[in-house]
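Asker:
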Amino acid sequence: MAHILHLDSSARTTGSYSRQLTREFVETWLKLTPQDTVTYRDLNTTPLPFIDQQWISAVFNPSTPPTAQEQSALTVSDLLIDELMAADVLVFGVPIYNFSVPASFKAYLDQVIRMGRTARFTSSGPEGLVKGKQAYVITASGSDFSQEPFKSLDHHTPYIKTVLNFIGITDVTFIRHHGYTPEAQQENLAAARKDIETLTREGQLTSV
Ligand SMILES: Cc1cc2nc3c(=O)[nH]c(=O)nc-3n(C[C@H](O)[C@H](O)[C@H](O)COP(=O)(O)O)c2cc1C
């Protein structure tokens, strides 16, 4: 039995392609294995706090013993990391905003990328501690960032791959939607749905 963490970050609550596709991904997955379970997190309707002075002090330079303020600064981070660790399959909806990720998703990353909990430094370099996850990142954009001239301007997909790899999530698959016209958007929706059909079936074969 697998547990899914389904997360959306589009600022749109209606008409969002990334939200539509993450929902369809999870629905398709659950049709194949209805016993699997899901935690849902909406980074837009439930925004996260940014990390701050107390957070940084608590992670990198805590008092001994940690002060009450330092401890409480990590409450949200602890909750999000527990949620991440409990999942086997990650389904993240992350649109492209201004060539990168939405601020709500960056705030999430800043809370979960944490020395001592999701990564650590060893004598041979950094080691990610979030092991054994399958990640599916569903992106949405106007332009097609899989090809030039936009590919080399993509600060989204390579960035997400880098940060997830850094904390140990190395099995990362992207499903991309793009388009400016309704025709292109519908055509790419159909292509993304095909990818979802294939990937959910393949994913179940290797899922824990
Ligand atoms: C604030 C903002 C910034 C955007 N920046 C880009 C961009 O840099 N490149 C691009 O191709 N599309 C950009 N778009 C278009 C969105 O990526 C596109 O509408 C996508 O479908 C949004 O995801 P959603 O459908 O899940 O809401 C931007 C949209 C918004 C609202």
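First residue of the sequence shown? That's 1 in full-length UniProt numbering, and the numbers climb one at a time after it.
For each residue, glycine too, the CB sits at the ideal point set by N, CA and C.
1) Can residue 110 and residue 50 be called in contact, C-beta distance under 8 Å?
2) Could you check which residue in 173, 79, 48, 179 has the C-alpha nearest to that of residue 96?
3) In the DSSP output, which residue or residues are listed as bridge partners for residue 8?
4) Report all residues from its chain with a CB closer than 7 Å to the CB of residue 151; omit the five preceding and five following residues, and keep chain order.
5) Give the straight-line distance between the Cα atoms of residue 203 and residue 132, rounded to the nearest whole angstrom.
6) Nearest CA to the CA of residue 11: which residue from 103, 138, 154?
7) Between residue 5 and residue 39, which are expected to be in contact by the criterion C-beta below 8 Å, what is the C-beta distance as a whole number of angstroms?
8) What are the start and end residues of the alpha helix (DSSP H) that includes residue 77?
9) Cβ of residue 40 versus every heavy atom of ligand 1: is any distance shorter than 7 Å?
10) DSSP three-state call for residue 2: helix, strand or coil?
11) Select from 56, 137, 148 the residue whose C-alpha is nearest the C-alpha of residue 177.
12) Ligand 3: which residues have Cβ under 5 Å from any of its heavy atoms, chain order?
13) Contact defined as beta carbons within less than 8 Å: I believe residue 196 pairs with residue 28. What is the distance between those atoms, to the nearest angstrom?
14) Rounded to whole angstroms, what is the Cα-Cα separation between residue 35 and residue 25?
15) Does the distance from the CB of residue 167 to the CB of residue 118 come in under 8 Å?
Answerer: According to the structure data:
1) The Cβ atoms of residue 110 and residue 50 lie closer than 8 Å to each other.
2) Comparing Cα-Cα distances from residue 96 to each of 173, 79, 48, 179, the minimum goes to 179.
3) As a beta-bridge residue in DSSP terms, residue 8 pairs with 42, 93.
4) Excluding sequence neighbours, residue 151 sits near 145.
5) Taking the Cα positions, residue 203 is about 13 Å away from residue 132.
6) The candidate whose alpha carbon is nearest that of residue 11 is 103.
7) Residue 5 to residue 39, Cβ: 5 Å. Contact.
8) For residue 77, the enclosing alpha helix (DSSP H) starts and ends at 75-86.
9) Not under cutoff, so the answer is no.
10) In the structure shown, residue 2 sits in coil (DSSP, three-state: anything other than H, G, I, E or B).
11) When only C-alpha atoms are compared, the closest one is 137.
12) The model depicted lacks ligand 3 and carries ligand 1 instead.
13) Their Cβ separation, rounded to whole angstroms, is 6 Å, which keeps residue 196 and residue 28 in contact under 8 Å.
14) Roughly 16 Å between the two C-alpha positions.
15) Taking the C-beta atoms as reference points, residue 118 is found nearer than 8 Å to residue 167.
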